[in-house]
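Take a look at the structure below.
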Amino acid sequence: MVETSSSMQSSLASRLADIAIIIVLVLLGFVVIYPFINLLALSFNDGKDAARGGIYFFPRKLSFSAYGMLFENKKLLKGLSWSVLRVIVGTCTCLFMTGLLSYIISIRTFSGRKFMRILFFMTMYFSGGLIPTYILMNQLHLTNTFQVYWIPGLFNAYFMLLMASYISDLPEALFESARIDGAGELRIYWRIVIPVAMPVFAAVSIYAAVGHWNSWFDVILYNFNGKFDTLQVYLRRLLLEVEATQQIRDQQLLMRKFQDLSPLTLRAATTIVVTVPILCVYPFLQKYFIGGITLGSVKG
Amino acid sequence: MAELWRRVRRERQIWLLCIPMIAWVLTFSYYPMYGLFISFQNYVPGHSMFSHWIGFDNFVRFFNEPDCLQIIRNTLVISGLNLVIGFPAPIVLALLLNELRGRVFKRTIQSLSYIPYFISWVVVANILITLLGSDGVLNDILMKLGLIHEPIEFLMNGNYFWGILVTSNVWKDMGFSAIIYLSAIAGIDKELYEAGKVDGLGRFGLIRHITLPGIRSTAVLLLILAIGGILNAGFEQQLLIGNPLTQDHYEVIDTYVYRFGVQLGNYSYGTAVGLMKSVMGLVLVILANRLSKRYMQSSIF
Numbered sequence: 142m143v144e145t146s147s148s149m150q151s152s153l154a155s156r157l158a159d160i161a162i163i164i165v166l167v168l169l170g171f172v173v174i175y176p177f178i179n180l181l182a183l184s185f186n187d188g189k190d191a192a193r194g195g196i197y198f199f200p201r202k203l204s205f206s207a208y209g210m211l212f213e214n215k216k217l218l219k220g221l222s223w224s225v226l227r228v229i230v231g232t233c234t235c236l237f238m239t240g241l242l243s244y245i246i247s248i249r250t251f252s253g254r255k256f257m258r259i260l261f262f263m264t265m266y267f268s269g270g271l272i273p274t275y276i277l278m279n280q281l282h283l284t285n286t287f288q289v290y291w292i293p294g295l296f297n298a299y300f301m302l303l304m305a306s307y308i309s310d311l312p313e314a315l316f317e318s319a320r321i322d323g324a325g326e327l328r329i330y331w332r333i334v335i336p337v338a339m340p341v342f343a344a345v346s347i348y349a350a351v352g353h354w355n356s357w358f359d360v361i362l363y364n365f366n367g368k369f370d371t372l373q374v375y376l377r378r379l380l381l382e383v384e385a386t387q388q389i390r391d392q393q394l395l396m397r398k399f400q401d402l403s404p405l406t407l408r409a410a411t412t413i414v415v416t417v418p419i420l421c422v423y424p425f426l427q428k429y430f431i432g433g434i435t436l437g438s439v440k441g
Numbered sequence: 104m105a106e107l108w109r110r111v112r113r114e115r116q117i118w119l120l121c122i123p124m125i126a127w128v129l130t131f132s133y134y135p136m137y138g139l140f141i142s143f144q145n146y147v148p149g150h151s152m153f154s155h156w157i158g159f160d161n162f163v164r165f166f167n168e169p170d171c172l173q174i175i176r177n178t179l180v181i182s183g184l185n186l187v188i189g190f191p192a193p194i195v196l197a198l199l200l201n202e203l204r205g206r207v208f209k210r211t212i213q214s215l216s217y218i219p220y221f222i223s224w225v226v227v228a229n230i231l232i233t234l235l236g237s238d239g240v241l242n243d244i245l246m247k248l249g250l251i252h253e254p255i256e257f258l259m260n261g262n263y264f265w266g267i268l269v270t271s272n273v274w275k276d277m278g279f280s281a282i283i284y285l286s287a288i289a290g291i292d293k294e295l296y297e298a299g300k301v302d303g304l305g306r307f308g309l310i311r312h313i314t315l316p317g318i319r320s321t322a323v324l325l326l327i328l329a330i331g332g333i334l335n336a337g338f339e340q341q342l343l344i345g346n347p348l349t350q351d352h353y354e355v356i357d358t359y360v361y362r363f364g365v366q367l368g369n370y371s372y373g374t375a376v377g378l379m380k381s382v383m384g385l386v387l388v389i390l391a392n393r394l395s396k397r398y399m400q401s402s403i404f
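Same order as they appear, the protein sequences are chains C and F. Numbers in our numbering are just positions in the first sequence, counted from 1, shifted up by 141. Numbers in our numbering are just positions in the second sequence, counted from 1, shifted up by 103.
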């Protein structure tokens, strides 16, 4: 009798614990997602109306002018195209070169294998830091060029470890037979390694692409003349409210066209525009990326 | 013989591919390390490196700066708070997620929790300015509740800065770090839990005696790394969320190096401060590792 009641009690306690956990986690999920909901609501709201406050979940007075303004804004479109170009060029070149390096340090018969591995591995722990790197970029005349977006990122030691651990696990016979047939190393890399190691290439490409899309500081550090401003930098400019109003004032024509605009809604709309691409790749992120970090933590 | 010849040719081919890679790594990674020498000089851009050796003057200068104490305080307070709140938070999240029975719900919450990790600091700063601004949601709610009578400019007041910064750090990283703990939890032998139940352990007992010991080595590893990074109090977030009004509270070593070294052109001095920080970071990792070896019986090297 006593036993039943105590087990009933513990199952009740367990139930309550379950409910408490669910409540805590739902709250947490809400805290994570709410800022985006609020920005989304603001971005679709009439500007003057939004300034009155009180918009929480849904737009009160629906308006698309913030987006209309954004997509007629040449500066934003330019920023967007630099960002896209940077992501594509930066990701492809980094993937190709770091992948090649990873393949080379996975060739078991290669005498320089260990040397190359250590040479790049060391860069994970030691670096010259901000200023020596900055001076170097100046000396190489890489500042205020598009090249600074991808050349310094061609090789990445962390990606190298991830990719090499995957490639080393592939059966050696795969490459050996191609070698006997007389294929060159580059050809083997392009024709065999890349297709077979696609999962790790996909994982790393998502890492790299998100990094390129999100980067902000290297743009303001190296490309200070504003010619190659990316979307993040443009968004940052809008943050400073003055700039936003100035943008509107500068464009008299747009001003007449979009009378219901405010820095608040414009900022919200830009933030959404910058965030949406991340959310679009999110499913892929989940598929490859999560596998990638657990792979790294086991083998790294 | 033919075999050997082929091998030499093969090696030559690979070495040929290696040459540009070696050139790249020497230029972009090793040459800047060599550039650290300028911290012992009075380097002027355009002039040759190695012109004016001044010994440790640049290092001493930092400690004589009037802002020195404030910068060290900010660095230690911000990363201390990051450590105290940001280190246990993902563990708690992972434990909570692990207690969930509904698979779909668990997956949904987990997927949501690491969205912020992939969002740039520019966007986070934008979100903060929108939510915490005078016409933002937080002020709106506080006013409606009657807790305040006029909007508070949270981002314009240094007293709120640490709280805002640390909260956004935790918000951004918690879900992602939890993945590592969840995968550690997934690696725990299921039979241990069965045995624990047989021995009469309740839910909390199982967490205390099986799950927590199971993720201990992961936690120690991350803790050692976090202690080594205690002087990295963040950089982009300070520049993006901070403003001249909150500078007294946001300036940390890294932003100081940027402001003094790059923006004001004190290359040698900035490099010296940065180098000092890296060396202390290295010492801290080694110390933390020693301590954990002695008291926790686990270490990273």
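Idealized CB from N, CA, C, for every residue including glycine.
Which same chain residues, not among the five before or five after M399/F, have their C-beta less than 7 Å away from its C-beta? Taking the first residue of the second sequence as position 1, residue 399/F is located at position 296. Only V323 meet the Cβ criterion.
Could you check the C-alpha separation between Y244/C and L325/F for me, to the nearest Å? Taking the first residue of the first sequence as 1, we reach residue 244/C at position 103. Taking the first residue of the second sequence as 1, we reach residue 325/F at position 222. Rounded to whole angstroms, the gap between the alpha carbons of Y244/C and L325/F is 30 Å.
So, does the CB of N229/F fall closer than 8 Å to a CB anywhere in chain C? The residue labelled residue 229/F in the question sits at position 126 within the second sequence. Chain C contact via Cβ: present.
Let's test the definition: count the other Cβ atoms within 10 Å of the Cβ of P404/C and tell me whether it reaches 16, buried, or not, exposed. Here residue 404/C is taken as the residue at index 263 of the first sequence, counted from 1. Buried is the call here.
Check whether the region 175-186 of chain F touches the region 233-252 of chain F, taking contact to mean three or more Cβ pairs, one atom from each stretch, closer than 8 Å. Contact fails: fewer than three Cβ-Cβ distances are below 8 Å.
Using CA atoms only, rank isn't needed, just tell me which of T250/C, L277/C and V415/C is closest to I141/F. Walking along the second sequence from the start, residue 141/F turns up at place 38. The candidate whose alpha carbon is nearest that of I141/F is L277/C.
So the candidates are L198/F, D292/F, M124/F and V376/F; which of them puts its Cα closest to the Cα of T460/C? For chain C, the structure presents residues 142 to 441; residue 460/C sits outside this window and is missing.
Helix, strand or coil, according to DSSP, for W291/C in the structure here? One-based indexing of the first sequence puts residue 291/C at position 150. In the three-state reduction of the DSSP assignment, W291/C falls in the coil class.
Which chain F residues are close to M210/C, counting only those with a beta carbon under 9 Å from its beta carbon? Residue 210/C sits at position 69 when you count from the first residue of the first sequence. Neighbours of M210/C across chain F, judged by C-beta separation under 9 Å, do not exist; the nearest C-beta is about 17 Å away.
Across which residues does DSSP place N186/C in a beta bridge pair? Taking the first sequence and counting its residues from 1, one reaches residue 186/C at position 45. Under DSSP, N186/C takes part in a beta bridge, and its partners are L203/C.
Check K440/C in the structure and name its three-state DSSP category. For the purposes of this step, residue 440/C is taken as residue 299 along the first sequence, with counting starting at 1. No answer about K440/C holds up, because its pLDDT of 37 lies below 50 and its placement is not dependable.
Looking at chain C, which residues of the region 303-316 of chain F have a Cβ within less than 7 Å of any of its Cβ atoms? From the region 303-316 of chain F, only G305 and R306 have a Cβ closer than 7 Å to chain C.
Using DSSP with H/G/I as helix, E/B as strand and the rest coil, what is W357/C? Within the first sequence, numbered from 1, the residue matching residue 357/C stands at position 216. In the structure shown, W357/C falls within a coil segment according to DSSP collapsed to helix, strand and coil.
Starting from T233/F, find everything on chain C with Cβ-Cβ shorter than 9 Å and list it in chain order. To locate residue 233/F, count along the second sequence from 1; it is residue 130. Within 9 Å Cβ-Cβ: P176, N179, L180, L183, L405, R408, A409 and T412.
Cα separation between T250/C and I122/F? Numbered from 1 along the first sequence, position 109 holds the residue referred to as residue 250/C. Numbered from 1 along the second sequence, position 19 holds the residue referred to as residue 122/F. Their Cα atoms are separated by approximately 18 Å.
Contacts around G308/F, its chain only, beta-carbon distance under 8 Å, and the 5 residues preceding and following it disregarded: For the purposes of this step, residue 308/F is taken as residue 205 along the second sequence, with counting starting at 1. The residues G299, in chain order, have a CB closer than 8 Å to that of G308/F in the same chain once the five nearest residues on each side in sequence are set aside.
Taking just the CA atoms, how far does S346/C sit from G231/C? As a working mapping, residue 231/C is identified with position 90 in the first sequence. As a working mapping, residue 346/C is identified with position 205 in the first sequence. G231/C and S346/C: Cα-Cα distance of roughly 10 Å.
Give me the subset of the region 112-128 of chain F whose CB atoms are less than 8 Å from a CB atom of chain C, sorted by chain position. Of all residues in the region 112-128 of chain F, only R113, E114, Q116, I117, W118, L120, C121, M124, I125, W127 and V128 come within less than 8 Å of chain C when Cβ atoms are compared, listed by chain position.
Would you say V351/C faces chain F, with C-beta separation under 8 Å as the test? Within the first sequence, residue 351/C is the residue found at index 210, counting from 1. Yes, its Cβ sits closer than 8 Å to a Cβ of chain F.
Reduced DSSP secondary structure (H/G/I, E/B, other) of Q341/F: If you number the second sequence from 1, residue 341/F lands on position 238. In the structure shown, Q341/F sits in a helix (DSSP, three-state: H, G or I).
Within 8 Å of chain C by C-beta, residues of the region 194-208 of chain F in sequence order: Hits within the stretch, in order: L196, L199, L200, E202, L203, R204 and F208.
For my contact list, I308/C and S247/C are in at a C-beta cut-off of 8 Å; report their separation, rounded to the angstrom. Locating residue 308/C in the first sequence gives position 167, where the first residue counts as 1. Locating residue 247/C in the first sequence gives position 106, where the first residue counts as 1. Going by Cβ atoms, the distance from I308/C to S247/C rounds to 4 Å, so yes, they are a contact pair.
Along chain F, which residues have their Cβ under 7 Å away from the Cβ of Q373/C? The residue labelled residue 373/C in the question sits at position 232 within the first sequence. The contacting residues are S223 and V225.
Which residue's Cα is closest to the Cα of H252/F: V207/F, S237/F and M383/F? Position 149 of the second sequence, counted from the first residue, corresponds to residue 252/F. Check the Cα spacing between H252/F and each of V207/F, S237/F and M383/F: the tightest is with S237/F.
With a cut-off of 8 Å, does the C-beta of E144/C fall near any C-beta of chain F? Taking the first sequence and counting its residues from 1, one reaches residue 144/C at position 3. Because E144/C carries a pLDDT of 46, less than 50, the predicted location of this residue cannot be relied on, and no value is offered for it.
Residue-level contact to chain C via CB, Y134/F, 8 Å cutoff: Numbered from 1 along the second sequence, position 31 holds the residue referred to as residue 134/F. It does; some Cβ of chain C falls within 8 Å.
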